[in-house]
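Below is one structure, written out as structure tokens, with a few remarks after it.
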Amino acid sequence: MKTKEALWSRKEVAEYVQRCPHWVRLQERKGLLRRIELTPRTIRYRPEDVRNLVENHLMGGF
27 MKTKEALWSR KEVAEYVQRC PHWVRLQERK GLLRRIELTP RTIRYRPEDV
77 RNLVENHLMG GF
């Protein structure tokens with residue numbers, strides 16, 4: 027299924043993470059979001075995790 031990938035670009039995901047850091051940290055504590063730590067100062071999230079969570083969030087799932 028390619029439809030989900032088309033909904034959220036990596037740039038949009040990054041913007042959402044920056045706009046809603048508290049929400050993102052909450053999802054992380056729930057274990058729904060996995061970090062990729064590139065360096066001690068650079069934290070990224072798996073785009074597919076964030077995309078799924080954001081879609082659920084926008085559709086009122088959270």
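Each residue of the sequence shown is one higher than the one before, starting from 27 at the first, in my numbering. We put the beta carbon where it would ideally sit given N, CA and C, even for glycine.
Residue i versus residue j: straight-line alpha-carbon distance, rounded
i	j	result
L84	R77	11 Å
V80	G57	15 Å
Proximity of residue i and residue j at Cβ, strictly below 9 Å
i	j	result
Y71	R60	yes
Coil, strand or helix - residue i by DSSP
i	result
R61	strand
R70	strand
K56	coil
Residue from the options with nearest C-alpha to residue i
i	options	result
P73	P47, L52, I62 and R67	I62
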